[in-house]
Amino acid sequence: MVPISWYLLLAALLFAIGTVGALTRRNGITIFLSIELMLNSVNLTLIAYSRLLGDHTGQLVVLFVLAVAAAEAAVGLALFIAVFRHRRTIDLNRVNLLRW
Amino acid sequence: MIETLVFLVFAGLAVGSALLVVLHRNPVYSTVSLVVTLVSIAVLFVLLGAPFIGALQVLVYTGAIVVLFLFVVMLLNIGREEIAGERSLLQKGAAAAGAGIFLLMGAGLLWRQTSSVTLDELSPELVSLRALAGELFARYLLTFELVGLLLLVAVIAATVLAARTRPGERLSLDRPFAAEVDDEPSRPAAAEER
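Right, here's the structure in full:
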């Protein structure tokens, strides 16, 4: 039987990879993908603890995270389309209207 | 034994394709390798006694969200990220921060000694979809309804944001293609301006 800490370590690793991606890349789409990766690693943690505690709550929270991620992806991608229409780029170093 | 093998194979696959997501310069490849990551994580969900969530992960994430990503990547026709030469100090710091987060979480894990906890046998109660649904529609009914509302708001917001309108023009659903006409000539001017 696989110890639960392996799952948690894997989730930590995926989260760290997602963090590095979200912080170092400049392409808006790739940053978004990294954020999805981070969301998923947290889901893995929740499911692992749900298994450890024999409780359904973790699985249900994952269900809600899934729905929120879907909403977030829809709105975020629509924003990218709107930005791209004006600036012809989604390089986030050049989309700096709201940056101080 | 076989469980450990499955775990190792899919954990390796998840980490490898996650690295590809972050490191590849072409967003199409990044998106497709995210599919591999998500499916591997779905397998791990099944291994952890959550087959329904695993199926949902494949359906919702790879079936809907990633396809949406691919649509947008191809619609915008984003090429490879231009190599700006030097990595800035900020980016190096960010990479260090990511590594630090991993180390912190790993250290926290070892400190709490979760590795010594032994799992009890997988109970049919945990896997059962009936029990899951019972809890979802009893204790979390309000949350469930609110998530439905959130999705509705997101759909409306995405439609309004992505719809093509000119300044002063109201969003009209009767003539979805009317705004397309003679939109292109304004493009070169906008490009020069930048």
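Chains A and H, in that order, are what the protein sequence lines are.
End of the first sequence sits at 100 in our numbering; the numbers just go up one at a time, nothing left out.
End of the second sequence sits at 294 in our numbering; the numbers just go up one at a time, nothing left out.
Positions of the beta carbon are idealized from the N, C-alpha and C atoms, including for glycine.
- In this structure, the straight-line span from the alpha carbon of A:V68 to that of H:E221 is close to 32 Å.
- Chain order gives the chain H residues near A:M1 as E103, L219, where near means a beta carbon separation below 7 Å.
- Contact between A:L44 and H:I141 holds: their C-beta atoms lie close to 6 Å from each other, under 8 Å.
- Within its own chain, the residues whose Cβ lies closer than 7 Å to the Cβ of H:L113, once the five positions on either side in sequence are excluded, are V136, S140, listed in chain order.
- The shortest C-alpha to C-alpha distance from A:M38 to any of A:V20, A:L77, A:N27, A:D55 is the one to A:V20.
- Interface annotation for the segment 194-205 of chain H against chain A: A194, A195, A197, G198, A199, I201, F202, M205, criterion Cβ-Cβ distance under 8 Å.
- Exclusion of the five residues before and after H:L232 leaves F152 as the residues of its chain whose Cβ lies within less than 8 Å of its Cβ.
- The alpha carbon of H:F171 has as its nearest neighbour, out of A:A16, A:F80, A:M1, the alpha carbon of A:F80.
- The alpha carbon of H:S188 has as its nearest neighbour, out of A:G58, A:N93, A:L10, the alpha carbon of A:N93.
- Going by beta carbons, A:N27 and H:I178 fall inside the 8 Å limit.
- In the structure shown, the three-state DSSP call for H:N126 is coil.
- Taking 8 Å as the CB threshold, H:T162 stays off the interface with chain A.
- For H:F169, the residues of chain A that pass the 9 Å Cβ criterion are I29, F32, L33, E36, A73, L77, in the order they occur in the chain.
- Interface residue (Cβ-Cβ distance to chain H less than 8 Å): A:L98 is not classified as such.
- Taking C-alpha positions only, H:L175 is separated from A:L98 by approximately 25 Å.
- With distances taken between CA atoms, H:A258 lies nearest to A:A71 out of A:R87, A:Y49, A:A71.
- Within 10 angstroms of the beta-carbon of A:T30 lie 16 or more other beta-carbons, which makes it buried.
- With contact defined as three or more Cβ pairs closer than 8 Å, the segment 108-124 of chain H and the segment 56-67 of chain A are not in contact.
- In this structure, DSSP gives A:N27 an extended state, which the three-state scheme calls strand.
- By the C-beta density criterion, H:M205 is buried, having at least 16 other C-beta atoms within 10 angstroms.
- Between H:L219 and A:L46, the CB-CB gap reaches or exceeds 8 Å.
- Take A:S41, set aside five residues on each side of it, and the residues of its chain with a beta-carbon closer than 7 Å to its own are A11, L14, F15, G18, in chain order.
- Under the criterion of beta carbons closer than 8 Å, A:V2 and H:F107 qualify as touching, at roughly 5 Å.
- Scanning H:L210, H:A197, H:I165, H:S130 for the CA closest to the CA of A:S5 turns up H:L210.
- Within the segment 239-251 of chain H, the residues whose Cβ lies closer than 7 Å to some Cβ of chain A are Y240, T243, V247, L250, L251, listed in chain order.
- The residue from H:L134, H:G154, H:N126, H:F110 with its alpha-carbon nearest to that of H:L229 is H:G154.
- The continuous alpha helix (DSSP H) containing H:R212 extends over residues 189-212.
- Within chain H, no C-beta atom comes nearer than 9 Å to that of A:L92; the closest sits roughly 11 Å away.
- The Cβ neighbour count for H:V166, taken over all protein chains shown within 10 Å, is at least 16; the residue is labelled buried.
- Contacts with chain H (Cβ-Cβ distance below 9 Å) from the segment 6-25 of chain A involve W6, Y7, L8, L9, L10, A11, A12, L13, L14, F15, A16, I17, G18, T19, V20, G21, A22, L23, T24, R25, listed in chain order.
- Within chain H, not a single residue places a beta-carbon under 9 Å from that of A:V42; the smallest gap is close to 11 Å.
- A:V95 has a beta carbon lying at 8 Å or more from every beta carbon in chain H.
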